[in-house]
Amino acid sequence: MEQNILIVVDMQHDFIDGSLGTPEAVQIIPSVLSRIRSYAADPAGILYATLDTHTEQYLDTAEGRHLPVLHCIRGTKGHTLDPAIQTALDACGCTYVEKPTFGSLDLVQQLQQSAKTHPIASIELCGLCTDICVVSNALLLKAAFPEVPISVHASCCAGVTPATHEAALTTMEMCQIHILREEN
Numbered sequence: 126m127e128q129n130i131l132i133v134v135d136m137q138h139d140f141i142d143g144s145l146g147t148p149e150a151v152q153i154i155p156s157v158l159s160r161i162r163s164y165a166a167d168p169a170g171i172l173y174a175t176l177d178t179h180t181e182q183y184l185d186t187a188e189g190r191h192l193p194v195l196h197c198i199r200g201t202k203g204h205t206l207d208p209a210i211q212t213a214l215d216a217c218g219c220t221y222v223e224k225p226t227f228g229s230l231d232l233v234q235q236l237q238q239s240a241k242t243h244p245i246a247s248i249e250l251c252g253l254c255t256d257i258c259v260v261s262n263a264l265l266l267k268a269a270f271p272e273v274p275i276s277v278h279a280s281c282c283a284g285v286t287p288a289t290h291e292a293a294l295t296t297m298e299m300c301q302i303h304i305l306r307e308e309n
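Count along the sequence shown starting at 1, add 125, and that's the number in our numbering.
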């Protein structure tokens, strides 16, 4: 059976209401929950979730020197997923992937391994932040799976700012990643 993959990117406290949180991030929680439930109801739906994961030495890393805000430190509340998101993902048998930086090569490798026995029909991404981790993972996946339709649901993502959210959506569109937008 072909797989329809949903990847929920970094729906962690520090990106929602913690050290790097935004009102836009809080607002997407109901939409992300809706996407999770949709994939959970699909017999071919498979869920993955990434967890941005750092140590106390984060500020000594290249990323930390350019983004000098401690966040998603393993063992802290900021590293944990929003409780409603966590509950919904756990109910689906989600696979969790910790990542030490924006994009996850481990996620790509896990999907490549899975695709050997169960072809991937589609990949959709949602979560935080559109302009950093969502775009990074979408581009890695597009490079690894050039023939698989990859999409991002715009209303299920939030960026550092609304302007950079839109810029990332445009970048992904230019790289043939389908952007799903709500009809007005």
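Glycine included, every Cβ here is placed at the ideal spot set by N, Cα and C.
Short Cβ contact (8 angstroms threshold) for Ser-280 with Ile-130: No, these two residues do not count as a Cβ contact at 8 angstroms.
Inspect the CB distances between the segment 230 to 250 and the segment 260 to 278 and report whether three or more fall short of 8 angstroms. Result yes; three or more Cβ-Cβ pairs closer than 8 angstroms.
Exposed or buried, what is Met-136 when buried is set at 16 or more other beta-carbons lying within 10 Å of its beta-carbon? Met-136 comes out buried.
Under DSSP, the alpha helix (DSSP H) around Thr-212 begins and ends at which residues? Per DSSP, the unbroken alpha helix (DSSP H) holding Thr-212 starts and ends at 208 to 216.
Cross-strand partners of Leu-192 (DSSP beta bridge): DSSP output for Leu-192 lists no bridge partner at all.
Does the Cβ of Gln-301 have 16 or more other Cβ atoms within 10 Å, making it buried, or fewer, making it exposed? Its Cβ having fewer than 16 others within 10 Å, Gln-301 is exposed.
On a Cα-Cα basis, can you pick out the residue from Leu-176, Thr-147, Ile-171 that is closest to Val-134? Ranked by Cα distance from Val-134, the options Leu-176, Thr-147, Ile-171 are led by Leu-176.
Anyone know if the C-beta pair for Gln-89 and Ile-171 falls short of 8 angstroms? The question about residue 89 has no answer, for the chain in this structure spans 126 to 309.
Excluding the 5 residues preceding and the 5 following Asn-262 in the sequence, name in chain order all residues of the same chain whose CB lies nearer than 8 angstroms to its CB. Excluding residues within five positions, the ones whose Cβ falls inside 8 angstroms are Ile-132, Val-134, Thr-175, Phe-227, Gly-228, Ser-229, Leu-232, Leu-250.
Just tell me which of His-290, Val-285, His-303, Pro-155 has its CA closest to the CA of Pro-271. Measuring from the Cα of Pro-271, the nearest candidate turns out to be His-303.
Pick helix, strand or coil for Gln-128, following the three-state DSSP scheme. Strand.
Does DSSP put Leu-145 in a helix, in a strand, or in coil? Coil.
Looking at the secondary structure, which residues open and close the alpha helix (DSSP H) in which Ile-154 lies? Counted as a single uninterrupted DSSP element, the alpha helix (DSSP H) harbouring Ile-154 occupies residues 154 to 166.
Note down, one range per segment and in chain order, each beta strand (DSSP E) of at least 3 residues found wholly within the segment 233 to 287. Listed in chain order, they are 245 to 253, 275 to 283.
Quick one: Cα of Cys-254 to Cα of Phe-140, how far? The C-alpha of Phe-140 is placed about 8 angstroms away from the C-alpha of Cys-254.
Across the segment 151 to 162 and the segment 192 to 210, are there enough close Cβ pairs to call them in contact, namely three or more that are closer than 8 angstroms? Yes, since at least three Cβ pairs between the segment 151 to 162 and the segment 192 to 210 fall closer than 8 angstroms, the two stretches touch.
Going by DSSP, which residues form a beta bridge with Gly-200? Gly-200 pairs with nothing; no bridge assigned.
Between Arg-160, Met-297, Lys-241, Gln-182, which lies nearest to Ala-213 when the distance is taken from Cα to Cα? Of the listed residues, the one whose Cα sits closest to Ala-213 is Arg-160.
How many Å lie between Leu-195 and Ser-144 at the Cα? The alpha-carbon atoms of Leu-195 and Ser-144 are separated by roughly 7 angstroms.
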